[in-house]
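A.B. asks:
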Amino acid sequence: MRGFGALGAVIFLVPAMVIGAMQMQMMFKMNKSMGEAFSAETGPDRIETAVAEESGEIAFRIVGSRGQDLEPKQAAALLAPATFTRERLAQLSTIIDPMSLLQPGETMPEGEMRDVLVEARIAKVADAACEHLVGTIAGNCGVIRYSTRMISHDAEQDPPELAGFDGYYRVETMAVFTPKDSVGSFPQTDTVVYQEREFNLEAWTIPAPSRATIAARTQEVLLAAGHACDEMRAVHGNCAVSDIQFRISRHDSRKIHPQFTLAYFSPMQTSARAE
Amino acid sequence: METKGLFLIGAVLVGGYLAITTLKDVDLAGVVVDAPGGLKVANNTPRKADSVPEDFLKETPYWVNAEGPVAAHETRPAVFVTDAIPGWRPADKREVVGTIQLINPSRNCSMPAPVVGARVANLFVRHPRQEAGLWSFAEAEVLKSVRKWYDGIRNSEAGKSPRLPGPTASHEFKVHDVAVTETDRPVHLVLRNAAAGNVLYNIHLAPGARVAGVSMLGGEANAVANLPRGTPVAAMDDATLRACGATQVFARSVNFVLEAEIKADKLTGEREEKARAEAAAKIAGFNDWFEAQFGINADETLFGLAFGNVSLVGPMPTDPDQAPAYAPLADAYVVAQTERFFKVAGLHEWPKAYMAEVQQAGTMLAGGDPLTVVKPEFYTTEW
Chain H
501 MRGFGALGAV
511 IFLVPAMVIG
521 AMQMQMMFKM
531 NKSMGEAFSA
541 ETGPDRIETA
551 VAEESGEIAF
561 RIVGSRGQDL
571 EPKQAAALLA
581 PATFTRERLA
591 QLSTIIDPMS
601 LLQPGETMPE
611 GEMRDVLVEA
621 RIAKVADAAC
631 EHLVGTIAGN
641 CGVIRYSTRM
651 ISHDAEQDPP
661 ELAGFDGYYR
671 VETMAVFTPK
681 DSVGSFPQTD
691 TVVYQEREFN
701 LEAWTIPAPS
711 RATIAARTQE
721 VLLAAGHACD
731 EMRAVHGNCA
741 VSDIQFRISR
751 HDSRKIHPQF
761 TLAYFSPMQT
771 SARAE
Chain G
706 METKGLFLIG
716 AVLVGGYLAI
726 TTLKDVDLAG
736 VVVDAPGGLK
746 VANNTPRKAD
756 SVPEDFLKET
766 PYWVNAEGPV
776 AAHETRPAVF
786 VTDAIPGWRP
796 ADKREVVGTI
806 QLINPSRNCS
816 MPAPVVGARV
826 ANLFVRHPRQ
836 EAGLWSFAEA
846 EVLKSVRKWY
856 DGIRNSEAGK
866 SPRLPGPTAS
876 HEFKVHDVAV
886 TETDRPVHLV
896 LRNAAAGNVL
906 YNIHLAPGAR
916 VAGVSMLGGE
926 ANAVANLPRG
936 TPVAAMDDAT
946 LRACGATQVF
956 ARSVNFVLEA
966 EIKADKLTGE
976 REEKARAEAA
986 AKIAGFNDWF
996 EAQFGINADE
1006 TLFGLAFGNV
1016 SLVGPMPTDP
1026 DQAPAYAPLA
1036 DAYVVAQTER
1046 FFKVAGLHEW
1056 PKAYMAEVQQ
1066 AGTMLAGGDP
1076 LTVVKPEFYT
1086 TEW
C-alpha cells in the first residue's frame, strides 16, 4: 500500500512539475518580449518621434563626414532641440569638501558611513551642475547619473601636492540638456553633412580643492562653448553643443580636462562629390 | 490553457495527498515530533529500530556530516540524540529567552585560561540547523542595505517609492545543543564556530555535571544559553582571531585542499613545497595559539559533526536519572557576544527590526527623508 502511494505521488507530481515549469517558461518569455517592447517605445523611437515633431518632414539626405548615410535621429542634437537626447550630453565634475554637506549641529561619521552620507547628499551637487548649464548654454537640463568617490592620497606614489585633496570627494554628474539658443537654419540643399568639431581645451591645474574655483572655471568653459557655437552658427547658419565635458583626472585630482563638441550641418559640396 | 491549469492544480493536490499519506507510514522512532507549534524536526531522516548511529554519518573530505538524529561525541563516532538528551526536541525560534547578558569579544589576543583541574572539551560546530529567535548583524550590513535603498530611489521612476531592503543574509542565531554528562571533574567548553554565522550553544547539564568556563571561538556572533549564572564566558570572533594572527584552521580541510591541488597538478616542484610549508605553518600557527590558551592540541582533541544539532561531552548516560534534562530556550539565561545590532524575539519582530535600522541609518545619513534627498535619476521615463 505504501509502495503504491509513493508511486502515485511520483506519477502525478512529475508531470505536474513539468507542466508547471513549461507554463512558467512561457510566462517568462511573454514578460521578456513585453519588456523589450517597452524599452523600444522609450528608447530610440522616442527620439525619432521627437525629430519628426520638431523638424517636420526631413527634406534632405544626411550624411556623415565620411559620406556615410545617417538616420535623422543620429543628428538629434540639431533636429530635436527641445528634447532630451543622448546626442546632447554634459559630463561635469567637481570636488567637494564633505563637511559642506553637513547641516548645523551634525558631525561627520567615520569610514564607510561617511561615504554613504556623501552618496546620499550629493544630489544637490548634481543639481548645481544643471544650474551651471541652464545659466549658460542650456534651456532645460536633467541629471541622468551622478556618482562620487573619495579622493585618497597615496603618500608613496602621489605627488605631495595632492595631500591637501585627501578626504575630499570627486563628484561626477552626467546630464542631458536642450540648447538655450535657437539651433539656427539648415542648408537648403538635397544633402547635408552632419559635422562634429571637438575642442580640447588646455588641461587646467588647481592648487587646492575648491568647489568655488572649479565652478567659476566650469562657467567659463560653458560660456566659451556657447560663444564658439555662436561663431559656428554665424558661419554655417546652425550649431548646437552636442557634448561638453569637464573631467577631473582620476590619477591626479589637481588636473581638469575641459572639452566640448559642436554639431552643425554643412551643405554637401557637389563638386567635391564629383571628384 | 485552462485545461492545463486545472490538470496542474489537480495533479498537485492528488500527488500531495498521496505523498502525505505515504509519509505517515514511515517509522519515526527516535525522532521527536511533538515540537512546540508543530515544528518540523531539524534532522528528519527516519531512525529505524535496528539503526546504529553510524548509519547517519557521512564521511566527506572535509568533515563528517550528521545526516540524521545523531549527536557528536568525543570517543564514539556518534550517539543518538535522544540517548544524549532523552527529552530532546528542536529549538523553536518563537521561544522568548529570559535574560541576556552581553559580553565584548576578547580583544587582547588571549582567552581566560581554564581553571586548574578542569577537563577541556574542544568541540566544533558547523551549520547547525535549529533556529533561535535571536539575530545579530554588523553595521556594514546595514550600510549595504542603505546603499541598496538609495540605489533603488535613484533608479525609481518619479513618484514611485522603492521598498526598504530587507536582510540579504541570515543573521539568525542557529542553535547547537551541548549535553554535558561529565561528573568526575568540571568541564571547560571550547566551542568553535566553524562556519561564518551566528551560533547559540544551548547547554544541558546532567545532574552533578559542572561547566567551569566557556570559550567561544570563531564566527561573527556567539551566545550560550542555560549556563548557571556566574559561569565565566569569553568569546573571540573570526575577525579578532585573524587580527591576532590566529586564524582558525582545521587541519583536515586544509590538508585535503592542499592534496587535491597537488593531485590536480596545480602545484608542483618548488610551488608544492612552498604550499606544504604554508599549510603546515597555518596549522601550527593556530595550534600554537590554541595550546597556549587551553593547554591542549587543537586538532588532536577536536570533535564534532557538520550539520549536527547536538553534541555530548562526557559519557553516554545509561541511567535515565543521570541524563541531562532538556533545557528549553524559553526563559533561558543567555550570555551573548554580538555584532553592532542585536535583536531578540519577544522584543523585536524580524525582519521589520532590521528594516527599521536601515530606515533610521538611511534617514540619518541623508539628513532627511531619503525619498526627497536622494533624487531619482532620469532614465527611460524622462529621456
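Chains as they are written, first to last, in the working numbering: chain H, 501 to 775; chain G, 706 to 1088. Heads up, the beta-carbon is just placed ideally off N, CA and C, and yes, glycines get one too.
Pick helix, strand or coil for G/ALA914, following the three-state DSSP scheme.
C.D. replies: Numbered from its first residue, the second sequence carries residue 914 of chain G at position 209. Three-state result, G/ALA914: coil.
A.B. asks: Which term fits H/PRO660, buried or exposed, when burial requires 16 or more other beta carbons within 10 angstroms of its beta carbon?
C.D. replies: Translated into positions along the first sequence, residue 660 of chain H becomes position 160. Exposed: under 16 other Cβ atoms inside 10 Å.
A.B. asks: So what's G/ASN960 in DSSP terms, helix, strand or just coil?
C.D. replies: As a first step, residue 960 of chain G is located in the second sequence; it is residue number 255 there, counting from the start. Residue state, collapsed to three classes: helix.
A.B. asks: State the start and end residues of the unbroken alpha helix (DSSP H) segment that holds H/CYS630.
C.D. replies: What you label residue 630 of chain H is simply residue 130 of the first sequence in a count that begins at 1. Run containing H/CYS630: 623–636, per the alpha helix (DSSP H) assignment.
A.B. asks: Using only the alpha-carbon positions, how far apart do H/SER753 and G/PHE1012 sit?
C.D. replies: Residue mapping note: residue 753 of chain H aligns to position 253 of the first sequence, counting from 1. Residue mapping note: residue 1012 of chain G aligns to position 307 of the second sequence, counting from 1. H/SER753 and G/PHE1012: Cα-Cα distance of roughly 52 Å.
A.B. asks: Counting only Cβ pairs nearer than 8 Å, list the residues of chain H close to G/ALA845.
C.D. replies: Looking up residue 845 of chain G in the second sequence gives position 140. Correct list: GLU612.
A.B. asks: Could you tell me the alpha carbon to alpha carbon distance between G/VAL885 and G/LYS968, rounded to whole angstroms?
C.D. replies: Against the second sequence, residue 885 of chain G aligns to sequence position 180. Against the second sequence, residue 968 of chain G aligns to sequence position 263. Their backbone Cα atoms lie some 42 Å apart in a straight line.
A.B. asks: Quick one: does H/LEU762 have its CB under 7 Å from some CB of chain G?
C.D. replies: Here the question's residue 762 of chain H lines up with position 262 in the first sequence. It does not: the Cβ of H/LEU762 has no partner Cβ on chain G nearer than 7 Å.
A.B. asks: Quick one: measure Cβ to Cβ for H/LEU570 and H/TYR694, integer angstroms, because I've assumed they're closer than 8 Å.
C.D. replies: Position 70 of the first sequence holds residue 570 of chain H. Position 194 of the first sequence holds residue 694 of chain H. Contact holds; Cβ gap of about 6 Å.
A.B. asks: Quick check: H/MET674 and H/ARG717, are their CB atoms within less than 7 Å of each other?
C.D. replies: Here residue 674 of chain H corresponds to residue number 174 of the first sequence, with the count starting at 1. Here residue 717 of chain H corresponds to residue number 217 of the first sequence, with the count starting at 1. Not in contact: H/MET674 and H/ARG717 (Cβ atoms no closer than 7 Å).
A.B. asks: Three or more C-beta pairs closer than 8 Å, one from the segment 834–847 of chain G and one from the segment 856–863 of chain G: is that the case here?
C.D. replies: no
A.B. asks: Are there three or more Cβ pairs, one per stretch, closer than 8 Å when the segment 1066–1075 of chain G is compared with the segment 892–902 of chain G?
C.D. replies: no
A.B. asks: How would you label G/ALA1030, buried or exposed, when you count the other beta carbons within 10 angstroms and need 16 or more for buried?
C.D. replies: The sequence position of residue 1030 of chain G within the second sequence is 325, counting from 1. Exposed: under 16 other Cβ atoms inside 10 Å.
A.B. asks: What's the gap between the Cα of G/ILE1001 and the Cα of G/VAL895?
C.D. replies: Numbered from 1 along the second sequence, position 296 holds the residue referred to as residue 1001 of chain G. Numbered from 1 along the second sequence, position 190 holds the residue referred to as residue 895 of chain G. Between G/ILE1001 and G/VAL895, the C-alpha separation is close to 11 Å.
A.B. asks: Sort G/ASN931, G/ALA837, G/LEU922, G/GLU772 by Cα distance to G/ALA1032 and report the nearest one.
C.D. replies: As a position in the second sequence, residue 1032 of chain G is number 327, starting the count at 1. G/ASN931 is the residue among G/ASN931, G/ALA837, G/LEU922, G/GLU772 whose C-alpha sits nearest the C-alpha of G/ALA1032.
A.B. asks: So, helix, strand or coil for G/HIS1053, using DSSP?
C.D. replies: Walking along the second sequence from the start, residue 1053 of chain G turns up at place 348. Per DSSP, reduced to three states, the secondary structure at G/HIS1053 is strand.
A.B. asks: Specify the secondary structure class of G/LYS853 as computed by DSSP and reduced to three states.
C.D. replies: Locating residue 853 of chain G in the second sequence gives position 148, counting from the first residue. DSSP places G/LYS853 in helix when its eight states are reduced to three.
A.B. asks: Between the segment 810–818 of chain G and the segment 773–792 of chain G, can you find at least three pairs of beta-carbon atoms closer than 8 Å?
C.D. replies: no
A.B. asks: Can you give me, in chain order, the residues of the segment 619–643 of chain H that have a beta carbon less than 7 Å from any beta carbon in chain G?
C.D. replies: For the segment 619–643 of chain H, the set of positions with a beta-carbon nearer than 7 Å to some beta-carbon of chain G reads GLU619, ALA620, ARG621, ALA623, GLY642, VAL643 in chain order.
A.B. asks: Assuming G/TRP984 and G/ASN960 make a contact with CB atoms under 8 Å, what is their CB distance in whole Å?
C.D. replies: For the purposes of this step, residue 984 of chain G is taken as the residue at position 279 of the second sequence. For the purposes of this step, residue 960 of chain G is taken as the residue at position 255 of the second sequence. This sequence places Ala at residue 984 of chain G; Trp is not what is there. Right, their Cβ atoms sit about 7 Å apart.
A.B. asks: In this structure, how does DSSP classify H/CYS641 when only helix, strand and coil are distinguished?
C.D. replies: As a position in the first sequence, residue 641 of chain H is number 141, starting the count at 1. Note: H/CYS641 maps to strand in three-state DSSP.
A.B. asks: Hey, quick one: how far does the beta strand (DSSP E) through H/GLU720 stretch, first residue to last?
C.D. replies: Translated into positions along the first sequence, residue 720 of chain H becomes position 220. Per DSSP, H/GLU720 belongs to no beta strand (DSSP E); it is in the alpha helix (DSSP H), 711–736.
A.B. asks: Report the residue from G/PRO891, G/PHE955, G/SER866 whose alpha carbon sits nearest the alpha carbon of G/GLY937.
C.D. replies: Looking up residue 937 of chain G in the second sequence gives position 232. The residue asked about is misnamed: residue 937 of chain G is Pro in this sequence, not Gly. Ranking G/PRO891, G/PHE955, G/SER866 by Cα distance to G/PRO937 puts G/PRO891 first.
A.B. asks: Between H/ASN640 and H/THR678, which are expected to be in contact by the criterion C-beta below 8 Å, what is the C-beta distance as a whole number of angstroms?
C.D. replies: By one-based count along the first sequence, residue 640 of chain H stands at place 140. By one-based count along the first sequence, residue 678 of chain H stands at place 178. 5 Å between Cβ atoms; contact.
A.B. asks: Using 10 angstroms around the beta-carbon of H/GLY635, count the other beta-carbons present and answer buried if the total reaches 16, otherwise exposed.
C.D. replies: Residue 635 of chain H sits at position 135 when you count from the first residue of the first sequence. So H/GLY635 ends up on the exposed side.
A.B. asks: Which chain G residues are close to H/VAL671, counting only those with a beta carbon under 7 Å from its beta carbon?
C.D. replies: Here residue 671 of chain H refers to the residue found at position 171 of the first sequence. Within 7 Å Cβ-Cβ: nothing; H/VAL671 doesn't reach chain G, min ~14 Å.
A.B. asks: Name the chain H residues that come within less than 8 Å of G/ARG852, Cβ to Cβ?
C.D. replies: What you label residue 852 of chain G is simply residue 147 of the second sequence in a count that begins at 1. Per Cβ cutoff of 8 Å: VAL616, GLU619.
A.B. asks: In terms of alpha-carbon separation, which member of G/GLY935, G/ALA956, G/GLN998 lies closest to G/ILE808?
C.D. replies: For the purposes of this step, residue 808 of chain G is taken as residue 103 along the second sequence, with counting starting at 1. That would be G/GLY935, whose Cα lies nearest to the Cα of G/ILE808.
A.B. asks: On the criterion of 16 or more Cβ atoms from any shown chain inside 10 Å, does G/LYS1057 qualify as buried, or is it exposed?
C.D. replies: Numbered from 1 along the second sequence, position 352 holds the residue referred to as residue 1057 of chain G. Under this definition G/LYS1057 is an exposed residue.
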